[in-house]
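In our numbering, the protein residues as written are 1 to 124.
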Amino acid sequence: MDKDRIAGSAQDFAGKVESTVGDMAGDAKTQAEGRAREAAGTVQNLYGQAKDAARDATDAAVGYAKDAYENSGDTVRSSQKAIAKTVQENPLGALLVAGGIGFALALLMTRPPRRPPSRWRYYG
């Protein structure tokens, strides 16, 4: 729990007490100050909650990244085994897929020949 949440809750409670005292005494100034303190405490409490949520989200993201890093070797090995099994079961299909990928890469890497620049002719 964040210190802003604790301070905000305390300030909110103090504002409610001050507002109630102002209501009982019939003092509008004390009542208004209590409501202002209550609002400030609520804002500070919400700020603390937002900080806690951001901290929790960051911790969760770090945990997911660590898990992904630790398990990445297992994932690569299992995918290599799956690909090898597929190639062994269907070598012609694998050859056709590899050829298609190579053809597509060749088309992407070649570019059309450059046209010579148009020449300006002066007739005069």
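Glycine included, C-beta positions come from ideal geometry on N, C-alpha and C.
Just so we're clear, the structure is a prediction, and the values are computed from it rather than from any experiment.
Is residue i buried or exposed, if buried means 16 or more other CB atoms sit within 10 Å of its CB?
i           : result
residue 37  : buried
residue 63  : exposed
residue 99  : exposed
residue 93  : exposed
residue 102 : exposed
With distances taken from CA atoms, which of the options is nearest residue i?
i          : options         : result
residue 7  : 17, 47 and 78   : 47
residue 52 : 2, 84 and 97    : 2
residue 50 : 5, 119 and 97   : 5
residue 97 : 83, 108 and 109 : 83
Below 8 angstroms on the Cβ atoms is my contact criterion, and I expect residue i with residue j to pass it. Report the Cβ-Cβ distance as a whole number of Å.
i          : j          : result
residue 80 : residue 41 : Wrong, their Cβ atoms sit about 58 angstroms apart, outside the cutoff.
residue 45 : residue 19 : With 8 angstroms as the limit, residue 45 and residue 19 do not qualify as a contact, their Cβ atoms being about 16 angstroms apart.
Excluding the 5 residues preceding and the 5 following residue i in the sequence, name in chain order all residues of the same chain whose CB lies nearer than 7 angstroms to its CB.
i          : result
residue 31 : 19, 22 and 23
residue 35 : 15 and 19
Hey, is residue i's beta-carbon within less than 9 angstroms of any beta-carbon in chain D?
i          : result
residue 18 : Looking for chain D here will not work: only one protein chain is present.
Cutting at 6 angstroms between CB atoms, please list the residues of its own chain near residue i, excluding the five before and the five after it.
i           : result
residue 113 : none
With a threshold of 8 angstroms on Cβ separation, who are the neighbours of residue i within its own chain once the five nearest residues in sequence on each side are excluded?
i          : result
residue 28 : 22
Quiz item: What are the complete alpha helix (DSSP H) segments, minimum 4 residues, inside the segment 40–112?
Solution: List check, alpha helix (DSSP H) in window: 91–109.
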